[in-house]
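Residue numbers (this note's numbering): 465 to 784.
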Ligand code: TXA
Ligand code: MG
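Okay, structure coming up:
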């Protein structure tokens with residue numbers, strides 16, 4: 465263990481950038497915690513992040529970009545969002561904004577949401593990696609699911625050594641607490657996750673009181689309360705053995721059920737990574753067909769199947 469930890473110089477950073485462009489995972493430091501990075505425009509690479517976390521769940525991921533100009537190519541910035549970015553970037557603030565039309569960012573990154581969480585870190589090694597990779601980097605905290613966030617390269621290695629191509633070492637992070645996440649999609653700013661910037665500091669910049677979100681995805685209290693997750697309009701019926709009248713079919717594998725209405729096969733060859741990549745666009749497509757319900761074939765609960773089933777169970781949970 466530890467062999468893929470590097471104190472990066474220019475050559476190592478160039479190699480790390482190439483690994484990202486090749487669809488590999490590279491763990492990198494930020495001023496808050498270490499991130500498990502992948503090319504945010506490459507769905508296979510993003511699926512790899514979820515697989516590496518273990519007991520995976522499709523929580524939406526933060527996209528790291530070098531500066532506000534790069535962020536504005538991916539998301540729509542209101543005057544207030546720009547104001548916050550100008551005040552706190554680079555720094556431990558993540559802004560949730562609406563995706564631009566035709567966004568190159570993988571659907572899997574934002575778990576099917578029409579929004580994107582964007583962050584500009586001040587860590588020089590992360591900045592150098594962003595330049596070397598020349599790609600926006602999707603990166604959750606670099607720890608296995610259920611473990612605490614990693615604040616040293618050795619923590620990353622202990623959790624994820626087998627799944628990352630390289631770990632860029634910058635010693636201990638300066639904050640040790642994740643970024644504050646703010647929803648800046650609307651007229652009023654909402655704090656989605658308290659973090660390394662206190663709410664008072666945000667308020668002194670906005671000149672307003674900032675509301676705190678209830679039941680954010682980082683602290684779910686019940687499956688139905690994941691309000692930041694995309695919820696289909698159609699009812700979802702899991703483990704379907706047949707398709708009923710008026711239902712659309714979400715199929716999986718080489719032997720799909722017979723369907724009379726709209727259907728979408730997540731992976732004809734039964735590949736769970738391919739299924740993960742297709743999941744959110746499949747739900748959207750079937751939902752848009754106008755079917756009252758979507759019958760979902762059983763999906764093996766192994767590898768990324770666990771995250772797919774977790775997401776489908778949430779989509780099937782009773783709505784408030
Ligand atoms: O400090 C940090 O933010 C670290 C470093 C690596 O950047 N990253 C981090 O990522 O903490 P993660 O995946 O552990 O937490 C990301 C949080 C999740 O709670 C997720 O629900 C939220 O960001 N999030 C991501 N995209 C979102 C979106 N479009 N809308 C609402 N919340 C979003
Ligand atoms: Mg985390």
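By construction, the Cβ of each residue, glycine as well, lies at the ideal position given by its N, Cα and C atoms.
(message) With H, G and I counted as helix, E and B as strand and the rest as coil, what does DSSP make of residue 727?
(response) In the chain shown, residue 727 corresponds to position 263, counting from 1. In this structure, residue 727 counts as strand in the three-state DSSP scheme.
(request) Using alpha carbons as the reference points, say which of 748, 700, 594, 487 lies closest to residue 781. (result) Mapped onto the chain shown, residue 781 falls at position 317. The shortest Cα separation from residue 781 among 748, 700, 594, 487 belongs to 700.
(request) Compute the Euclidean distance between the alpha carbons of residue 771 and residue 470, then round it to the nearest angstrom. (result) As a working mapping, residue 771 is identified with position 307 in the chain shown. As a working mapping, residue 470 is identified with position 6 in the chain shown. Rounded to the nearest angstrom, the two C-alpha atoms are 31 angstroms apart.
(message) For residue 514, report the span of its alpha helix (DSSP H) as first-last.
(response) Within the chain shown, numbered from 1, the residue matching residue 514 stands at position 50. Looking at the DSSP string, the run of the alpha helix (DSSP H) that includes residue 514 is 507–517.
(request) Report yes if the C-beta distance between residue 633 and residue 696 is below 8 angstroms; otherwise report no. (result) Within the chain shown, residue 633 is the residue found at index 169, counting from 1. Within the chain shown, residue 696 is the residue found at index 232, counting from 1. Contact flag unset, no.
(request) Could you tell me the distance, in whole angstroms, from the CA atom of residue 542 to the CA atom of residue 481? (result) One-based indexing of the chain shown puts residue 542 at position 78. One-based indexing of the chain shown puts residue 481 at position 17. Cα-Cα distance, rounded: 31 angstroms.
(request) Mark residue 777 as exposed unless 16 or more other C-beta atoms lie within 10 angstroms of its C-beta, in which case mark it buried. (result) Numbered from its first residue, the chain shown carries residue 777 at position 313. Label assigned to residue 777: exposed.
(request) Specify, as a first and last residue, the run of the beta strand (DSSP E) that residue 663 falls within. (result) As a first step, residue 663 is located in the chain shown; it is residue number 199 there, counting from the start. Looking at the DSSP string, residue 663 is not in any beta strand (DSSP E); the run it does join, the alpha helix (DSSP H), is 663–670.
(request) Name the two residues that bound the continuous beta strand (DSSP E) containing residue 647. (result) Numbered from its first residue, the chain shown carries residue 647 at position 183. Start and end: 644–647.
(message) Taking 8 angstroms as the threshold (C-beta atoms), are residue 502 and residue 491 in contact?
(response) By 1-based counting over the chain shown, the position of residue 491 is 27. By 1-based counting over the chain shown, the position of residue 502 is 38. Result no, Cβ atoms of residue 491 and residue 502 do not sit closer than 8 angstroms.
(message) Tell me whether the region 571–586 and the region 506–525 touch, counting them as touching only if at least three CB pairs, one residue from each stretch, are closer than 8 angstroms.
(response) yes
(message) Helix, strand or coil, according to DSSP, for residue 544 in the structure here?
(response) For this step, residue 544 is matched to residue 80 along the chain shown. It is helical.
(request) Check whether the Cβ atoms of residue 727 and residue 713 lie closer than 8 angstroms to each other. (result) On the chain shown, position 263 is the one that residue 727 refers to. On the chain shown, position 249 is the one that residue 713 refers to. Closer than 8 angstroms, so yes.
(request) Could you tell me whether the Cβ atoms of residue 649 and residue 579 are closer together than 8 angstroms? (result) By 1-based counting over the chain shown, the position of residue 649 is 185. By 1-based counting over the chain shown, the position of residue 579 is 115. Cβ distance < 8 angstroms, so residue 649 and residue 579 count as in contact.
(request) State the Cα-Cα distance for the pair residue 610 and residue 494, rounded to the nearest angstrom. (result) Residue numbering aside, residue 610 sits at position 146 when the chain shown is read from its first letter. Residue numbering aside, residue 494 sits at position 30 when the chain shown is read from its first letter. A direct Cα-Cα distance of roughly 20 angstroms separates residue 610 from residue 494.
(request) Run the proximity test for residue 655: is its beta-carbon closer than 7 angstroms to any non-hydrogen atom belonging to the ligand TXA? (result) For the purposes of this step, residue 655 is taken as the residue at position 191 of the chain shown. Result no, Cβ not under 7 angstroms from the ligand TXA.
(message) In the DSSP output, what is residue 501 paired with across the bridge?
(response) Position 37 of the chain shown, counted from the first residue, corresponds to residue 501. Bridge partners of residue 501: 490.
(request) Provide the residue(s) that pair with residue 711 in DSSP beta bridges, ordered along the chain. (result) As a working mapping, residue 711 is identified with position 247 in the chain shown. Its beta-bridge partners are 757.
(message) Closer than 7 angstroms to a non-hydrogen atom of the ligand MG - does that hold for the CB of residue 520?
(response) As a working mapping, residue 520 is identified with position 56 in the chain shown. No, since every heavy atom of the ligand MG falls outside the 7 angstroms radius drawn around the Cβ of residue 520.
(message) I'd like to confirm something about residue 523: is its beta-carbon nearer than 7 angstroms to some heavy atom of the ligand TXA, or not?
(response) Start at 1 with the first residue of the chain shown, and residue 523 comes out as number 59. Flag set: Cβ of residue 523 near the ligand TXA.
(request) Keeping to the same chain, check which residues put their C-beta closer than 7 angstroms to that of residue 686; ignore five residues upstream and five downstream. (result) Along the chain shown, one-based indexing puts residue 686 at 222. Because residue 686 sits at a pLDDT of 39, beneath the cut-off of 50, its placement in the model cannot be relied upon, and the following sentence gives the value as read from the coordinates. Within its own chain, no residue has a Cβ closer than 7 angstroms to the Cβ of residue 686 once the five positions on either side in sequence are excluded.
(request) Tell me residue 539's beta-bridge partners as DSSP assigns them. (result) Within the chain shown, the letter at position 75 stands for residue 539. DSSP output for residue 539 lists 563 as bridge partner(s).
(request) Let me have the residue list for the ligand MG: C-beta closer than 6 angstroms to any non-hydrogen atom, ordered along the chain. (result) 604, 605, 613
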